[in-house]
Structures are given as structure tokens and as C-alpha cells.
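Everything below concerns the one structure shown next.
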Amino acid sequence: MKIRILGCYGGQLLGFHLTSFLVNDTILLDAGSPTEILTLEEQSKIQHIFLSHTHLDHIKDIAFLADNRSLKRWSGDADAAPITIHSLQDNLDTLSEHFLNNKVWPDFTKIPTKKDGILKLQSFESECTVQIGDVHITPIGVNHPVPCTGFLLDQAGVQVLFTSDTGHTDRIWEVANAQPNLRAVIIDCSFPNYCEELAEMSGHLTPKGMAKELKKLNKLGEVAIYLYHMKPETLTEMATEVEAENIPHLRMLTQVDEFIIEA
Ligand SMILES: [Zn+2]
Ligand SMILES: [Zn+2]
């Protein structure tokens, strides 16, 4: 399994991009930044978007991916295939009503033609695995102010867990602990410790909160831990606080990270 980090921050500043991970060149986990990072050719390989929730920092580039792809199709490129967005039905409804609603942005499920839109919406249910090729993706509900799922990815018998945006939560750790070959966990760590109350209110974690969550992971010490969703303006302060937690095999993600996770 190849995971390329396109953006890993919980805020947008010059040079810092919003959450988006590209799996095996074709599957996108959240869409905060793909059109800022990928060439048109790289974008054209994306076939599926797994959407954790509908906060703007995770959906923003659905708009521009769809626009680019649609124009390609209009120009006669037969390879400009539709992109399927997978998420909870609640989230797909929110996308349709509040984002792709012909007011904020055109409804690309009906463009370039009404019958054959460039976006397809496909609902999933929490803890029901979706298979794309030989990648198995299982959404798991987490704790955020809107409906939100993390994702367990499994390919060739090895697993990677992405918590998505979450405050303190339990079920995802039970699922993680049931995996035979969990290799990596990507976990929310958004605010520095002095923002604990803000983190709690907004369904996020601080370094202290993240360390407390990781105590629920049986294989802590054996799996790689990657932090994402840091507020870029507090990165230095957070780095010190994260280090103080002294958690093995842990580091903050960066935008140039690319992992090959093999059996
Ligand atoms: Zn969020
Ligand atoms: Zn977010």
C-alpha cells in the first residue's frame, strides 16, 4: 500500500496544505488539497474519494477536482472517468444540500451531462467494509461535532488506521486492537495543550489528549504513529509538547511524506 501525504494540516497558511492522503495513486482520503499539489495527469488517476466528514478543510478540493475533470471530459477525453465519493449518507446529503447545490458550487453530479455527471455519490455504513481493487476500507465512527468516520485500510494483510478528526473516542481503538498486522496509525493532534478546552469543544486532540488516546492502543510501541491536523502557526510549540510525551515511533506528518507499507 502506498500512501502519499498531499496535505496534513488543520489550517491553511502559505505553504501548509489541508488534509488529503492519496492511496495507491487512485484513492483519496479526504480532499483538502489535491488540486494544490497534484498535476492534472496525477489528478486524472483519482477514481474514488473516501470522505471522513464535511468540514470545509476536508471537502474543499472536491470542487476543483470535479471542475478540472469535467472540463477534460467536455474536451472529448474519453478517459476522464467519474470520481465516486464515498461517505455516510448524512455527509452526502450535506454535500448535495450545502456545497454542490448550484449556489456555493455547481452540482457536478449532473455535469457535464445530467445523465452522466463527473461525480457519483455512494453511501457507506459505519463498520461496513468497502473494497476497491484489493484495498479494503472500513469506516469507523469517531467523536467530532458532525458525523465523522476514521478509516481502517487493509491491503495484502497489513493495516493502516486513519482516525480522521476526532476528540476522545473508543470504538476505533477496539477495531485497531483487533487487527493482526497494524503497521501505522495517523491520529488527530490539532491544538497545543493550552487549547485543551477548545480542542474538546471542537472534537480534536492536543498532544496531552493524543497521548491519552494512544494508551488505548495495545500495540503502542510496535506501530508507527503519525500526527496530522496540526494548526501550522503552533507547530513549534506543539513539537515540544509532543516530544515531552515520549511516545515511541511517533512523529508529525509532513506534506512530502510517502509511505510504502508492505506485508
Ligand atoms: Zn473536522
Ligand atoms: Zn479538519
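Under this note's numbering, the first residue of the sequence shown is numbered 38, with each subsequent residue one higher.
No residue lacks a Cβ here, since even glycine has one placed at the ideal position from N, Cα and C.
Quick check on residue 157: does DSSP put it in helix, strand or coil? strand
I'd like the list of long-range same chain contacts for residue 290, defined as Cβ closer than 8 Å, with 5 residues on each side in sequence excluded. 42, 45, 223, 263, 264 and 265
Exposure label - residue 97; buried when at least 16 CB within 10 Å: buried
Best match in 283, 172, 53 and 170 for proximity to residue 94 [C-alpha to C-alpha]: 53
Other residues of its chain near residue 166: CB distance less than 6 Å, five sequence neighbours each side excluded: 173 and 175
Please state if the CB of residue 221 and the CB of residue 296 are separated by a distance shorter than 8 Å. yes
Nonlocal neighbours in the same chain, by C-beta distance under 6 Å from residue 214, ignoring five residues either side: 255
Give the DSSP-derived three-state secondary structure of residue 277 in the structure shown. helix
Taking the straight line between their C-alpha atoms, what separation do you get for residue 196 and residue 188? 10 Å
On a CA-only basis, which of 240, 234 and 40 is nearest residue 202? Give me that one, please. 240
So, helix, strand or coil for residue 163, using DSSP? coil
Three or more C-beta pairs below 8 Å linking the segment 227 to 238 and the segment 76 to 87: no
I need the boundaries of the beta strand (DSSP E) containing residue 39, first residue and last residue. 39 to 44
Give the secondary structure of residue 187 by DSSP, where H, G and I count as helix, E and B as strand, and everything else as coil. strand
So the candidates are 123, 141, 209 and 285; which of them puts its Cα closest to the Cα of residue 86? 123
Pick out whichever of 99, 156, 90 and 91 has its Cα sitting closest to the Cα of residue 121. 156
Determine the direct distance from the alpha carbon of residue 139 to that of residue 198, and round the result to whole angstroms. 35 Å
Backbone secondary structure at residue 228 - three-state DSSP: coil
In chain order, what residues place their C-beta within less than 5 Å of a heavy atom belonging to ligand 1? 92 and 202
Output the residue ranges of the alpha helix (DSSP H) runs that lie fully inside the segment 105 to 181 and measure 4 residues or longer, sorted by chain position. 126 to 135
When every heavy atom of ligand 2 is checked, does at least one fall within less than 7 Å of the C-beta of residue 56? yes
Measuring CA to CA, which of 191, 273 and 219 is closest to residue 230? 273
Under 8 Å, do residue 350 and residue 84 count as touching if we go by C-beta distance? In the structure as shown, the chain begins at 38 and stops at 300. Residue 350 is therefore absent and cannot be evaluated.
Apart from the five residues just before and just after residue 145, which ones in its own chain have a Cβ nearer than 7 Å to its Cβ? 103, 107, 137, 154, 155 and 156
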